[in-house]
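Accompanying notes for the structure given below.
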Amino acid sequence: MDIKAIIEQPEGRRLEFKVKLPTNAELVKSIIAFANDPGGEFYLGIQDKPRDIIGLDEELLIALEEKISNIINDQCVPVILPEIIFHNIEGKYIIRTKIHKGSQPPYHLKSKGVEKGTFIRVGSSNRLASKKIIDELERQKRNISFDSELVFSKERKDVAIHSFKEQFKEKTGEELSNQVLAKLDLVKTEQGRELPTNALILLSDDNLHQQLFPYAKVECARFKGAVPGNFIDQKTITGNVTLQAEQAYQFVLRHISQGTTDYQGVYRNDRWEYPIVAIREVIRNAVIHRDYALSGKDIKIAIFDDKMEITSPGKLMPSVDYSLTDSGQSDIRNKILAPVFKKLGIIEQWGNGLRLFANELRKYPEIKLSWKEPGIAFRVTFTNTLYQQQHELQQELQQELQQESLYGRVLRLIQVQTHYISNNTSCSRSYS
14 MDIKAIIEQP EGRRLEFKVK LPTNAELVKS IIAFANDPGG EFYLGIQDKP
64 RDIIGLDEEL LIALEEKISN IINDQCVPVI LPEIIFHNIE GKYIIRTKIH
114 KGSQPPYHLK SKGVEKGTFI RVGSSNRLAS KKIIDELERQ KRNISFDSEL
164 VFSKERKDVA IHSFKEQFKE KTGEELSNQV LAKLDLVKTE QGRELPTNAL
214 ILLSDDNLHQ QLFPYAKVEC ARFKGAVPGN FIDQKTITGN VTLQAEQAYQ
264 FVLRHISQGT TDYQGVYRND RWEYPIVAIR EVIRNAVIHR DYALSGKDIK
314 IAIFDDKMEI TSPGKLMPSV DYSLTDSGQS DIRNKILAPV FKKLGIIEQW
364 GNGLRLFANE LRKYPEIKLS WKEPGIAFRV TFTNTLYQQQ HELQQELQQE
414 LQQESLYGRV LRLIQVQTHY ISNNTSCSRS YS
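With the working numbering as the guide, the letters of the sequence shown map in order to residues 14 to 445.
Here is the structure:
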């Protein structure tokens, strides 16, 4: 993407625009947040709202470059190496400071330390990282995942995995022996004890799962109208996480319409109200890639008259960009669970999901796709643009019917009055 195209993009997770150099504190927060997340670009000399290239004094460019470099070097730890570039756009100079995703997070303010000086990017703003987020950044540095961590307070024999065993046998033809569990890194031996990982607890279906991960569930709801409020139906899906995606998908199918679009010979082509392949992919991703380390947050699927929202705890993985759905991107948060999902056939091929997603959306021009990060979560929305058109048409029709009804009542009144006058006139003449 060229520089002009980048400048036309909205501020967000990877972009920030300033007319002039902000305070040192503001600048380093953005730089640290970019380094802790997917990387990003900070533009100087550009007004955000309304977007306009204001430019910088050419004589100050070198001094500004040195100042930016010194601020980052003096106040950020570990070391962040910015890429600072000058651009001349139609005679106006701007400075682009590019920050790559760091390999040694958590990056933080030297003066504040890790706990009070670590920032992350949430939408277009910088937010102080919580302890849970800092722990996740530490795991990223060590290239491990939350689901791979051991549960030292329990042993393998304490974990009931009946539904997972049956599912594994049905889908793979293999018995889920202790050797297979170890091979899948679901169980590890420490000092002679067979310890479960967080992943194995998430695959269990007993009280232990509920005790350790009460929030590892999917809340589904069908609302009446276009806003939350009146429930038509709702369901809470708990237990073995490999079964949650299918159950949530079936809930969606029960609450969207299916119609016929055309025939090919004697065969009928059925078309759902929403692109179900894309929706299934989003639900799968929500379950597979959600951040299970975030306590108190569950997956939410909300179906309205005009749209469907799927919200998953945790920010979008750094290397994944939903605007590039054809690129075959793949980034795994849960390094133990994801291969299990693949072995069970829930994931077909790494990086193929977003391609299927994009192909399906092309068949639904009336469905508008949007996504955002509401806090430490990722939400995908499918909006049916035909609903608004139909809603407006219905309102117009109701108004016309009301007008026709009013017209009919007036006409009837006139007819009654005319009949009354006519009869009275006839009576008067007879009397005369």
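From the three backbone atoms N, C-alpha and C, an ideal C-beta is built for every residue, glycine too.
With 16 other Cβ atoms within 10 Å as the buried cut-off, status of residue i
i: P378; result: exposed
i: R293; result: buried
i: I19; result: exposed
i: S439; result: Confidence at S439 is low in this model, with a pLDDT of 47, below 50, so the placement of that residue is unreliable and no value is reported for it.
i: N282; result: exposed
i: V92; result: exposed
i: K42; result: buried
i: Q257; result: buried
i: L307; result: buried
i: G58; result: buried
i: L94; result: exposed
i: R303; result: buried
i: N220; result: exposed
Where the beta strand (DSSP E) through residue i begins and ends
i: T393; result: First, the residue type needs correcting, since residue 393 is Val and not Thr in the sequence shown. Looking at the DSSP string, the run of the beta strand (DSSP E) that includes V393 is 390-397.
i: F181; result: No beta strand (DSSP E) holds F181; the alpha helix (DSSP H) holding it covers 175-185.
i: G53; result: 53-57
i: N101; result: 96-102
i: F236; result: 231-236
i: N139; result: 138-141
i: E207; result: 206-209
i: Q247; result: 244-250
i: I67; result: Careful: I67 lies outside any beta strand (DSSP E) and carries neither H nor E.
i: P331; result: No beta strand (DSSP E) holds P331; DSSP gives it neither H nor E.
i: L382; result: 380-385
i: E128; result: It is not in any beta strand (DSSP E) - E128 instead sits in the alpha helix (DSSP H) that spans 126-130.
i: S325; result: 320-326
i: I316; result: 312-316
i: R169; result: Looking at the DSSP string, R169 is not in any beta strand (DSSP E), and its letter there is neither H nor E.
Assumed close pair residue i, residue j - CB separation to whole angstroms, cut-off 8 Å
i: E373; j: V300; result: With 8 Å as the limit, E373 and V300 do not qualify as a contact, their Cβ atoms being about 19 Å apart.
i: L40; j: I84; result: 6 Å
i: V172; j: S217; result: 5 Å
i: K320; j: F226; result: That belief does not hold up - the Cβ atoms of K320 and F226 are roughly 29 Å apart, past 8 Å.
i: A46; j: R134; result: 4 Å
i: A390; j: P326; result: 5 Å
i: H100; j: I157; result: Rounded, the Cβ-Cβ distance is 40 Å, inconsistent with contact.
Alpha helix (DSSP H) segment containing residue i, residue limits
i: H222; result: 220-225
i: E151; result: 144-154
i: Q260; result: 254-267
i: L40; result: 37-49
i: F159; result: Taken as a continuous stretch (DSSP letters only), F159 belongs to no alpha helix (DSSP H), as it is neither H nor E.
i: R293; result: 289-302
i: F82; result: Just to set this straight, residue 82 is Ser in the shown sequence, not Phe. Start and end: 74-88.
i: P352; result: 350-356
i: A18; result: 16-20
i: K196; result: 191-196
7 Å CB neighbourhood of residue i in its chain, flanking five on each side removed
i: R375; result: none
i: K313; result: E232, T324
i: I359; result: T255, A258, R297
i: M330; result: H302, D344, R346
i: H113; result: G52
i: D61; result: E24, F30
i: F354; result: T255, I301, I360
i: N139; result: K42, S43, A46, F132
Close-in-space but distant-in-sequence residues of the same chain around residue i (CB under 6 Å, 5 per side omitted)
i: G242; result: none
i: D311; result: Y228, K230, E232
i: I98; result: R109
i: T251; result: K230
i: L189; result: K178, F181
i: E286; result: I269, S270
i: N253; result: S176, F177, L216, D218
i: K111; result: E54, E96
Same chain only: Cβ atoms within 8 Å of residue i, ignoring 5 sequence neighbours per side
i: E21; result: R64
i: S443; result: Any reading at S443 is ruled out, since the residue's pLDDT is 45, under 50, leaving its predicted position unreliable.
i: Q153; result: P118
i: S161; result: D198, T210, N211, A212, K348, I349
i: F244; result: A234, R235, F236, K237
i: Q88; result: N37, V41, L122, K123, S124
i: R446; result: The question about residue 446 has no answer here: the residues shown for the chain are numbered 14 through 445.
i: G186; result: none
i: K184; result: K356, L357, G358
i: G388; result: V135
The ligand GDP heavy atom lying under 8 Å from the CB of residue i
i: P387; result: As presented, the structure is devoid of all ligands, the ligand GDP included, so that no description of it is given.
task: Say whether the region 100-112 touches the region 65-77, bearing in mind that this needs 3 or more beta-carbon pairs closer than 8 Å, one atom from each stretch.
output: yes
query: Touching or not, the region 231-239 and the region 190-200, by the rule of three or more beta carbon pairs under 8 Å?
result: Short answer: they don't touch.
- request: Report yes or no: do the region 21-30 and the region 48-62 share at least 3 C-beta pairs separated by less than 8 Å?
  value: yes
- prompt: Quick check: the region 124-134 against the region 78-86, are there 3 or more CB pairs under 8 Å?
  reply: no
query: Okay, do the region 263-270 and the region 110-119 touch, 3+ Cβ pairs below 8 Å being the bar?
result: Contact between the region 263-270 and the region 110-119 is absent: fewer than 3 CB-CB pairs across the two stretches fall below 8 Å.
task: Mind the definition here: the region 146-160 touches the region 173-180 only if three or more C-beta pairs lie below 8 Å; say whether that holds.
output: no
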